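Heads up: the structure comes next, in structure tokens.
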Amino acid sequence: MKIAIKRLEHPFCEMKRTSTMVKLRYLAIFTLVGALNALLGAWAAEFSAEKVTLSNVRARLELQTGSFDQVNVTIQQGKAYHRLRVEEVGGVLGITGDFQGIETQDHCCSDNIRRDFRPANPQNDGDGRGQAEAPDSDFPVILITAPASVDLEIFNSHLEVEAGAIEGRLLLEACAIYGEFGVLDHAVINLLPGSRLVVGDVKSLLELDISGDASLVGGNVSMIDADIAGSGDVTVSSVTGMADISIAGSGRVRMAHINGPLTARIAGSGVVSAQSGTADPLRVLIDGSGGVYLQGQAKSPDLRLSGSAEVRLRSVAGQIRRHGIGVVFVGGEELPN
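Under this note's numbering, think of the first position of the sequence shown as 722, with each following residue one higher.
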């Protein structure tokens, strides 16, 4: 008689096998998650674009320019993942995020970006501000290398910027921006309250639109066209051509040197000043308690003043045309009305 003998598994053996399988499953899951995080945490690609645009982005931007043939982009995510869409169409590389500061006013132009700033180049430190804070580690870092001839456009973004020289065109309409650009060719810059920006020399025209308490410190500028609404502050080393300044409020524009036509329009208590040089010609329109101070020569000055306006000139060449009321000094001597 044959006796069927059934092999019995000890319960511990079955449990041990099951436990090992579970561990293997968890290991596979953790490996997959780690790979996914690595994929999301860093991204890089190469493009043949001639222009780079950033829209609705909150991040730190590091732009290195030079003799590069292509535009290389690397995105390093911060502690929290923030979606950035990158697309090249018709020679334009677009980087788009989900930041909606201008529409919602959340995190935009508020106290969390009103920080002190001191430029890396001490000779451009015109306002004695302190060092900028480090970027928020929750947000991405965008690293770009590009040809120096690249055009750069930034819209509706909250950025800390460290950028080199740009021989192309810079168009900046950022909600909040603080940082530095190198030498520029032609720049159109719109800064909203809380922004702090330093730029190098500007070879052609620097167009500025400053709101609130935003500030800009610059190097030598060929021409400047600046509009300030509020208490904004602009300081440049020198202007070798035209300077056209409009201030509504208590803003300030300071130039170490001027050599060209100077037009200053002030409504309020704003101030336009130059430490040396020649304003040829000088045209001043002041309504309020604002002032124009030129520690140099004014040629054929045309002064249209009202309120408690004040104009101080070191010397004058040509005839002074004066309209309205206000105080005018030439060489320290007050001129009669």
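No residue lacks a Cβ here, since even glycine has one placed at the ideal position from N, Cα and C. Fair warning: this is a prediction, and the values are worked out from it, not measured in the lab.
| query | result |
| --- | --- |
| Pairwise C-alpha distance: L926 and G1017 | 23 Å |
| Bridge partners - S1036, DSSP secondary structure assignment | Q1018 |
| Whole-angstrom distance between F876 and G1071, CA atom to CA atom | Because the chain is modelled from 722 through 1058, residue 1071 falls outside the range shown and cannot be assessed. |
| Residue span of the beta strand (DSSP E) that contains T999, given as start and end | G998 to G1009 |
| Neighbour-count burial assignment, K772, 16 or more Cβ in a 10 Å radius | buried |
| For G1028, three-class secondary structure by DSSP | strand |
| Assigned secondary structure, E662 (DSSP; H/G/I helix, E/B strand, else coil) | Residue 662 is absent from the structure shown; the chain starts at 722 and stops at 1058. |
| Residue(s) in a DSSP beta bridge with T961 | Answer is none; T961 lacks a bridge partner. |
| Nearest-angstrom Cβ-Cβ length linking A995 and L1024, presumed shorter than 8 Å | That belief does not hold up - the Cβ atoms of A995 and L1024 are roughly 16 Å apart, past 8 Å. |
| Min CB distance E874 to chain D below 8 Å | You won't find chain D in this structure, because it holds only one protein chain. |
| Start and end residues, beta strand (DSSP E) containing L805 | First-last for L805: undefined, no H or E at that position. |
| Cβ neighbours of V1051 in the same chain (closer than 6 Å, five flanking residues each side left out) | L1034 and V1037 |
| Option in A950, S959, V919 and V992 with minimal Cα separation from L937 | V919 |
| Check whether S916 and I945 have beta carbons under 8 Å apart | no |
| Cβ separation of A947 and G970, assumed to be a contact under 8 Å, to the nearest whole Å | Rounded, the Cβ-Cβ distance is 13 Å, inconsistent with contact. |
| Inter-residue spacing [alpha-carbon to alpha-carbon] between E1031 and V909 | 30 Å |
| For G815, the residue or residues it bridges with in DSSP | T774 and E808 |
| Exposed unless 16 or more other CB atoms sit within 10 angstroms - verdict on Q791 | exposed |
| Straight-line gap, G1028 to D922 (C-alpha atoms, nearest Å) | 36 Å |
| Identity of the residues DSSP links to N1058 by a beta bridge | Note: N1058 sits in no beta bridge, so no partner. |
| Meets three-Cβ-pair contact criterion under 8 Å: the region 770 to 787 and the region 865 to 882 | yes |
| Nearest-angstrom beta carbon gap, A770 and V813 [assumed within contact, 8 Å] | 6 Å |
| Same chain, Cβ closer than 8 Å to D934, neighbours up to 5 away in sequence not counted | R835, P914, G915, G951, S952, G953 and D954 |
| Buried or exposed by the 16-neighbour rule on C-beta atoms within 10 Å, applied to Q798 | buried |
| Contact belief for V794 with I865 at Cβ below 8 Å, rounded distance in angstroms | 5 Å |
| Extent of the continuous beta strand (DSSP E) to which G885 belongs | Here G885 belongs to no beta strand (DSSP E), and DSSP marks it neither H nor E. |
| Member of L912, N980 and I968 whose CA lies at the smallest distance from the CA of N941 | N980 |
| S925, DSSP secondary structure in three states | strand |
| Reduced DSSP secondary structure (H/G/I, E/B, other) of P861 | coil |
| Nonlocal neighbours in the same chain, by C-beta distance under 6 Å from R890, ignoring five residues either side | D872 and H907 |
| Classification of Q1040 by the beta-carbon crowding that lies within 10 angstroms, buried from 16 upward | exposed |
| Buried or exposed by the 16-neighbour rule on C-beta atoms within 10 Å, applied to H879 | buried |
| Environment of E1054 [buried if 16+ CB atoms lie within 10 Å] | exposed |
| Cβ distance (whole Å) where E888 is taken to contact S870 below 8 Å | 5 Å |
| 6 Å CB neighbourhood of V1049 in its chain, flanking five on each side removed | V1032 and L1056 |
| Nearest-angstrom Cβ-Cβ length linking A977 and S958, presumed shorter than 8 Å | 5 Å |
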